[in-house]
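S.K.: Mapping of the sequence shown onto mature numbering (1 follows the signal peptide of the UniProt record, and there is no 0): residues -19 to -1, 1 to 357, in sequence order. The following block contains the structure, expressed as structure tokens.
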Amino acid sequence: MILRTTFCLTIFIFSLVWCAEVNNVSTLKYVHLLFRHGHRTPINNMTYPTDPHKDETFHPYGFGTLTNEGKRAAYELGKWLQKRYKHFLGYLYDPELISALTTPTVRSQMTLALVLAGLFPPKGTALEWNKDLNWQPVVYKELSPNDKLLLSPFNNNCSTYHDLYKEYLRSNEGRDLLRSLFGSYDYIKENTKWDKNPLEVVMGTIDKLIIQRELGLQLPDWGSGIFPDGLESNFVDFLLTTSGNSKLKQMVGGYLLQKILHDTNLKLTDQLVPQKQKMILYSAHDSSVFALLSAMEVYKRHRPQYTSCVIVEVHTIKNVDSIRILNREGPGSDEAHVLIVPGCEEYCPLAKFTKLLKDNVFDDEICVKDRLCCRI
């Protein structure tokens, strides 16, 4: 009796899992993925005058590259994606099946290469070419300079954005964030002896101390009073100022949100080239992840971890096209958490999703006034 009950329970559980996978695959039409790069060394040797590690070369990595921990985290993300989407993508790599794009930075390119290695392992398939190496070349592209605003939204010369940003900083909300951001400025400047503008001093020090801690280097004694919680909070305050209202969101995360909606509509109307494409991957930065989450109104106060991944799935359920947003928070995460756009549900109808977020989507009319605000 016990054996029979156990057998029936096993079959029942298996059927639930099997049905969940089949239903998921049968409704899933397309996947947009955006992730932050893996753990890295400092971007360059620019640092504050009193830095006890200012002569550190970070051998053997050098500046701005992934550490071994970062490589493992990126590869782990690829394996996690392969497990999640293997029935959707299949086991054989086809260059027309995915599009993979990265910012020009070394850390983002290395991350994307490792994610793709985990996503498409050739072992045991017809594409296995070396029994000692479970790897195959997977095509990816670096974003063109014209497209940099997709994933590096703060790196622009758009005067319209800068005017809106200055206007926001003069608002009560903007002033509050600035006060919080620069609350530790005098203390940091006194100890770093860094003669730069306040934003560079605060943000530059935050980056240096966080990276040095991650690499196991001893931090200066003065840093203990504000690190890590104080500096992490300052970093988040800075992110929040960049997208403080819908006009700013439109010109930060709105670029990528516009492309996601555009590509989604092309896919659903069989106009996407190539038509068989099922997934697009973007390898970028913490600011990129923040910008998209903010534009979709699902950001919760935090600094996106290394390899944090935002997933935007496109489903068609009972003839209704829907958007489902998930977030894998970082290394070691086994699950992706569902994020729900305010006013919608987990599977948000595309028309409703578009309507709810229309004010955050980049408006091409801005290009009429300022060509430097445009991707192309």
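Don't be surprised by glycine CBs; every beta carbon is placed ideally from N, CA and C.
Look up alanine 81 in the DSSP assignment and say whether it is helix, strand or coil.
M.R.: Taking the first residue of the sequence shown as position 1, residue 81 is located at position 100. Three-state result, alanine 81: strand.
S.K.: What is the DSSP secondary structure of glutamate 2, counted as helix, strand or coil?
M.R.: To locate residue 2, count along the sequence shown from 1; it is residue 21. Annotation note: pLDDT 40 at glutamate 2 (below 50); position unreliable, coordinate value reported separately. Residue state, collapsed to three classes: helix.
S.K.: Whole angstroms are fine: how far does the CA of tryptophan 110 sit from the CA of aspartate 351?
M.R.: Walking along the sequence shown from the start, residue 351 turns up at place 370. Walking along the sequence shown from the start, residue 110 turns up at place 129. Answer to the nearest angstrom: the Cα atoms are 51 angstroms apart.
S.K.: On the three-state DSSP scale, how would you describe asparagine 137?
M.R.: Position 156 of the sequence shown holds residue 137. Coil.
S.K.: Between the segment 292 to 301 and the segment 254 to 270, are three or more C-beta pairs nearer than 8 angstroms?
M.R.: No contact exists between the segment 292 to 301 and the segment 254 to 270.
S.K.: For lysine 228, is the classification buried or exposed, using 16 other Cβ atoms within 10 angstroms of its Cβ as the cut-off for buried?
M.R.: To locate residue 228, count along the sequence shown from 1; it is residue 247. The residue is buried, with at least 16 neighbouring Cβ atoms inside 10 Å.
S.K.: So is lysine 339 buried or exposed if we call it buried at 16+ other beta carbons inside 10 Å?
M.R.: Mapped onto the sequence shown, residue 339 falls at position 358. By the neighbour-count rule (16 or more Cβ atoms within 10 Å), lysine 339 is not buried but exposed.
S.K.: What would DSSP say about valine 87, mapped onto helix, strand or coil?
M.R.: Taking the first residue of the sequence shown as 1, we reach residue 87 at position 106. Valine 87 falls in the helix class under three-state DSSP.
S.K.: With burial defined as no fewer than 16 other Cβ atoms inside 10 Å of the residue's Cβ, what is the status of residue 362: buried or exposed?
M.R.: No answer is possible for residue 362: the residues shown for the chain start at -19 and end at 357.
S.K.: On a Cα-Cα basis, can you pick out the residue from Glu50, Lys129 and Leu108 that is closest to threonine 92?
M.R.: Along the sequence shown, one-based indexing puts residue 92 at 111. Considering only alpha carbons, the answer is Glu50.
S.K.: Express the C-alpha separation of serine 205 and histidine 34 in angstroms, rounding to a whole number.
M.R.: By one-based count along the sequence shown, residue 34 stands at place 53. By one-based count along the sequence shown, residue 205 stands at place 224. Distance between the alpha carbons of histidine 34 and serine 205: 16 angstroms.
S.K.: For leucine 262, name the three-state secondary structure that DSSP assigns.
M.R.: The residue labelled residue 262 in the question sits at position 281 within the sequence shown. It is a strand residue.
S.K.: From what residue to what residue does the alpha helix (DSSP H) around leucine 273 run?
M.R.: Residue mapping note: residue 273 aligns to position 292 of the sequence shown, counting from 1. Where leucine 273 is concerned, the enclosing alpha helix (DSSP H) stretches over 267 to 276.
S.K.: Find out if the Cβ-Cβ distance for the pair serine 224, serine 275 is shorter than 8 angstroms.
M.R.: Walking along the sequence shown from the start, residue 224 turns up at place 243. Walking along the sequence shown from the start, residue 275 turns up at place 294. Taking 8 angstroms as the Cβ cut-off, serine 224 and serine 275 qualify as a contacting pair.
S.K.: Taking asparagine 172 as part of the alpha helix (DSSP H), name the residues at either end of that continuous run.
M.R.: As a first step, residue 172 is located in the sequence shown; it is residue number 191 there, counting from the start. Element bounds for asparagine 172: 166 to 173.
S.K.: When DSSP builds the beta bridges, which residues end up paired with glutamate 123?
M.R.: Residue mapping note: residue 123 aligns to position 142 of the sequence shown, counting from 1. Answer by DSSP bridge pairing, in chain order: Thr83.
S.K.: So for lysine 10, helix, strand or coil by DSSP?
M.R.: Start at 1 with the first residue of the sequence shown, and residue 10 comes out as number 29. Reduced to three states, the DSSP call for lysine 10 is strand.
S.K.: Alpha helix (DSSP H) containing asparagine 215: first to last residue?
M.R.: Counting from one through the sequence shown, the residue named residue 215 turns up at place 234. Run containing asparagine 215: 210 to 223, per the alpha helix (DSSP H) assignment.
S.K.: Valine 96 by DSSP, collapsed to three states: which one?
M.R.: In the sequence shown, residue 96 corresponds to position 115, counting from 1. It is helical.
S.K.: Pairing CB atoms from the segment 179 to 192 with CB atoms from the segment 255 to 271, are three or more of them under 8 angstroms?
M.R.: No, the segment 179 to 192 does not touch the segment 255 to 271.
S.K.: Is the segment 140 to 160 in contact with the segment 239 to 253, if contact means three or more CB pairs nearer than 8 angstroms?
M.R.: The segment 140 to 160, when compared against the segment 239 to 253, does not touch it at the 8 angstroms Cβ threshold.
S.K.: Which of the three DSSP states, helix, strand or coil, is assigned to serine 161?
M.R.: Locating residue 161 in the sequence shown gives position 180, counting from the first residue. Correct three-state label for serine 161: helix.
S.K.: Inspect the beta-carbon positions of tyrosine 236 and leucine 82 and report whether they are closer than 8 angstroms.
M.R.: The residue given as residue 236 occupies position 255 in the sequence shown. The residue given as residue 82 occupies position 101 in the sequence shown. Cβ atoms of tyrosine 236 and leucine 82: not closer than 8 angstroms.
S.K.: Tell me whether the beta-carbon of leucine 221 lies closer than 8 angstroms to the beta-carbon of leucine 158.
M.R.: Here residue 221 refers to the residue found at position 240 of the sequence shown. Here residue 158 refers to the residue found at position 177 of the sequence shown. Yes. Within cutoff.
S.K.: In terms of residues, what are the limits of the alpha helix (DSSP H) holding threonine 245?
M.R.: Residue numbering aside, residue 245 sits at position 264 when the sequence shown is read from its first letter. Its alpha helix (DSSP H) spans residues 235 to 249.
S.K.: Quick one: Cα of alanine 332 to Cα of serine 125, how far?
M.R.: Sequence index remark: in the sequence shown, residue 332 carries index 351 (1-based). Sequence index remark: in the sequence shown, residue 125 carries index 144 (1-based). Distance between the alpha carbons of alanine 332 and serine 125: 31 angstroms.
S.K.: Taking DSSP as the reference, what is the three-state secondary structure of histidine 68?
M.R.: If you number the sequence shown from 1, residue 68 lands on position 87. Correct three-state label for histidine 68: helix.
S.K.: Per DSSP, histidine 318 is paired with what?
M.R.: Against the sequence shown, residue 318 aligns to sequence position 337. In DSSP, histidine 318 forms a bridge with Asn308.
S.K.: With a threshold of 7 angstroms on Cβ separation, who are the neighbours of leucine 337 within its own chain once the five nearest residues in sequence on each side are excluded?
M.R.: For the purposes of this step, residue 337 is identified with residue 356 of the sequence shown, where counting begins at 1. Only Val322, Gly324 and Cys325 meet the Cβ criterion.
S.K.: Measuring only the C-alpha atoms, how far is cysteine 139 from histidine 296?
M.R.: Reading the sequence shown from its first residue, position 158 is the one you call residue 139. Reading the sequence shown from its first residue, position 315 is the one you call residue 296. Taking the straight line joining both Cα atoms gives about 35 angstroms.
S.K.: Do you know how far the Cα of proline 30 is from the Cα of tyrosine 56?
M.R.: As a working note, residue 56 is residue 75 in the sequence shown. As a working note, residue 30 is residue 49 in the sequence shown. For tyrosine 56 and proline 30, the distance between alpha carbons rounds to 36 angstroms.
S.K.: Where does valine 295 fall in DSSP's three states?
M.R.: Position 314 of the sequence shown, counted from the start, is the residue given in the question as residue 295. Three-state DSSP puts valine 295 in a strand.
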